[in-house]
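In terms of full-length UniProt numbering, the sequence shown has 206 at position 206, counting the first letter as 1, and numbering is strictly consecutive.
Each remark here refers to the structure printed beneath this line.
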Amino acid sequence: MTTCPTYVLWGEEMDSPRGRIHLIGQGLSGEPLSDSMVGHFDNCLGCMACVTACPSGVRYDRLIEDTRAQVERRHQRGPRERALRAAIFALFPYPNRLRLLRGPLRAYQRSGLQKALARTGLLRRLAPTLATLDSLAPRLRSVPRPPARVRARGERRAVVGMLTGCVQSAFFPDVNSATVRILAAEGCEVLIPPSQGCCGALSVHNGRRAEAQRFARRLIDTFEQTGMDYFVVNAAGCGSSLKEYGELLADDPGWASKAAAFAAKVRDLSELLVELGPVARRHPLPMSVAYHDACHLGHAQGVRVQPRALLRGIPELEVRTIAEAEICCGSAGVWNVLNPEPAAELGDRKARMVLATGAELLVTANPGCLMQVAAAVGRQGGTIALAHTAQVLDASIRNLGPEPLLSRPA
Ligand code: SF4
């Protein structure tokens, strides 16, 4: 319970894993699904800190995922909530639609209107959801989309399919470019079909199982004939659901075995690089970094050692520890959009812990965490640069020095 972010915030039993399991039990014994019950389920960030902490190995992740699917099937939300969710799910899982936002968003950021509006506080008073989206939007940079196939540098050691993602490809294309360069430098041929879509993570984490299954089938179809040895992912939330494709399509006889075979090839970027072992030379990066475990990488996938091992393999790079590392930053997919106030509280708490390390750079492996912590550091009036693990490794392999990384302030 002490690692559950909602229990930490409110100290309310029904907003702890034990309380939610109790409510799930009541539902199973015939209690109708009330608004208050659904509220406690909706409050859960799905961060899985409770799964890591549970000494009895209770699979809360499975329980809440099934419960959310039940809620979506059987519970009628209010009109405002329905409209907000419909808008979110008509936009976020579609990279092409997100990319269309880039032009207007860049113009808005560069015109000075964003800063002027933030100073008035008007947007937060009139439209808190829009204000949250506004504060989360990263400074956009123009980066060309990667080609469909990139050859390995030197001897080819593996053929790797790569997920470009939705938010990652629209708002953090430089993370994808860095990922491709590292993989090629480490002897991987990288396959990046431009027709790939969403992996379904956002949908499955919000109980929209049928939608997630459609996305999963399409992604498997896109990569199935490519002959890849691995499928690499650089976004923690996507990786955790991709590894569960076997369970997601287990009841579909035409897809169950294909989905399980696909899932067996899925690796987080850091897992794959450690598995293959380094061949590209690491150049020094004399700087201090704080590594933040994204919940869907640390808690959901158990990947904690590999990113740190990669960072510690860079000469002159000091890796500092963030206190309360197990507690979520409040991003949690679209949780921060649906619950802006508690999400900001969790973000501020995380930002204080990050700033207390005194590190020059915050490193993490999830676009949601990068946006959430950047916004919170800004609110705290602090300064720290932010980067994905891939960008740090890329800077080391290309011998760029710390400067390009430190010029990305929160
Ligand atoms: S998943 Fe996270 S928010 Fe939900 S009950 Fe577990 S620790 Fe709490």
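All C-beta atoms in this analysis are idealised placements derived from N, C-alpha and C, irrespective of residue type, glycine included.
Residue i to residue j span [Cα, whole Å]
| i | j | result |
| --- | --- | --- |
| Val150 | Thr120 | 47 Å |
| Cys166 | Leu242 | 14 Å |
| Cys50 | Leu63 | 12 Å |
| Leu140 | Leu276 | 33 Å |
| Val232 | Glu72 | 30 Å |
| Leu45 | Cys295 | 10 Å |
| Lys265 | Tyr230 | 5 Å |
| Gly378 | Ser331 | 15 Å |
| Leu400 | Gly382 | 25 Å |
| Met287 | Val38 | 46 Å |
| Gln70 | Asp252 | 19 Å |
| Arg97 | Ser56 | 43 Å |
| Ala256 | Pro146 | 31 Å |
| Ala343 | Trp335 | 7 Å |
| Pro340 | Arg124 | 10 Å |
| Cys369 | Leu311 | 18 Å |
| Gly161 | Val303 | 20 Å |
| Arg398 | Ala184 | 12 Å |
| Lys258 | Asp42 | 32 Å |
| Pro95 | Ala170 | 6 Å |
| residue 426 | Arg267 | No information on residue 426 is available, as it lies outside the stretch 1 to 410 that the chain covers here. |
| Arg308 | Thr321 | 10 Å |
| Ile384 | Glu360 | 6 Å |
| Leu317 | His292 | 15 Å |
| Gly239 | Gly200 | 11 Å |
| Ile21 | Arg59 | 10 Å |
| Val74 | Ser111 | Position check: residue 74 holds Arg in this sequence, whereas Val was assumed. Each residue's Cα considered, the two are about 45 Å apart. |
| Arg218 | Gly246 | 14 Å |
| Leu133 | Ala127 | 10 Å |
| Gly103 | Pro402 | 29 Å |
| Glu81 | Ala87 | 10 Å |
| Gln225 | Leu269 | 21 Å |
| Ala116 | Ser142 | 24 Å |
| Tyr7 | Leu122 | 31 Å |
| Ile182 | Leu393 | 7 Å |
| Ala387 | Glu12 | 35 Å |
| Leu33 | Gln109 | 43 Å |
| Leu105 | Ala118 | 15 Å |
| residue 431 | Arg68 | With the chain covering 1 to 410 only, the question about residue 431 has no answer from this structure. |
| Thr2 | Gly333 | 22 Å |
| Ser177 | Leu113 | 30 Å |
Proximity of residue i and residue j at Cβ, strictly below 8 Å
| i | j | result |
| --- | --- | --- |
| Thr129 | Leu202 | no |
| residue 421 | Gln391 | The shown model of the chain, from 1 to 410, leaves out residue 421, and the question about it has no answer. |
| Leu28 | Met14 | no |
| Gly347 | Ala323 | no |
| Val198 | Phe215 | According to the sequence displayed, residue 198 carries Cys and not Val. Their beta carbons are under 8 Å apart, which means Cys198 touches Phe215 by this criterion. |
| Leu273 | Glu211 | no |
| Ser195 | Thr164 | no |
| Leu248 | Gln301 | no |
| Glu345 | Leu9 | yes |
| Asp66 | Met48 | no |
| Gln168 | Asn234 | yes |
| Val159 | Gly227 | yes |
Cβ separation of residue i and residue j, assumed to be a contact under 8 Å, to the nearest whole Å
| i | j | result |
| --- | --- | --- |
| Val175 | Val190 | Incorrect: roughly 14 Å between the Cβ atoms, too far for contact. |
| residue 424 | Leu338 | This structure cannot settle anything about residue 424, because the visible part of the chain is limited to 1 through 410. |
| Arg208 | Phe89 | 7 Å |
| Leu100 | Met371 | About 19 Å; that fails the 8 Å criterion. |
| Ala290 | Thr389 | Going by Cβ atoms, the distance from Ala290 to Thr389 rounds to 12 Å, so no, they are not a contact pair. |
| Gly19 | His40 | 7 Å |
| Leu405 | Ala395 | 5 Å |
| Leu297 | Ala236 | 4 Å |
| Ile327 | Phe262 | Incorrect: roughly 32 Å between the Cβ atoms, too far for contact. |
| His299 | Thr52 | 5 Å |
| Pro138 | Phe172 | 7 Å |
Three or more C-beta pairs under 8 Å: does that hold for the region 272-280 against the region 351-369? Contact check between the region 272-280 and the region 351-369: fewer than three CB pairs, one atom from each, fall below 8 Å, which does not count as touching.
With a threshold of 8 Å, are at least 3 pairs of Cβ atoms found where one atom belongs to the region 143-163 and the other to the region 359-369? With a cut-off of 8 Å, the region 359-369 and the region 143-163 do not count as touching, because too few Cβ pairs lie within range.
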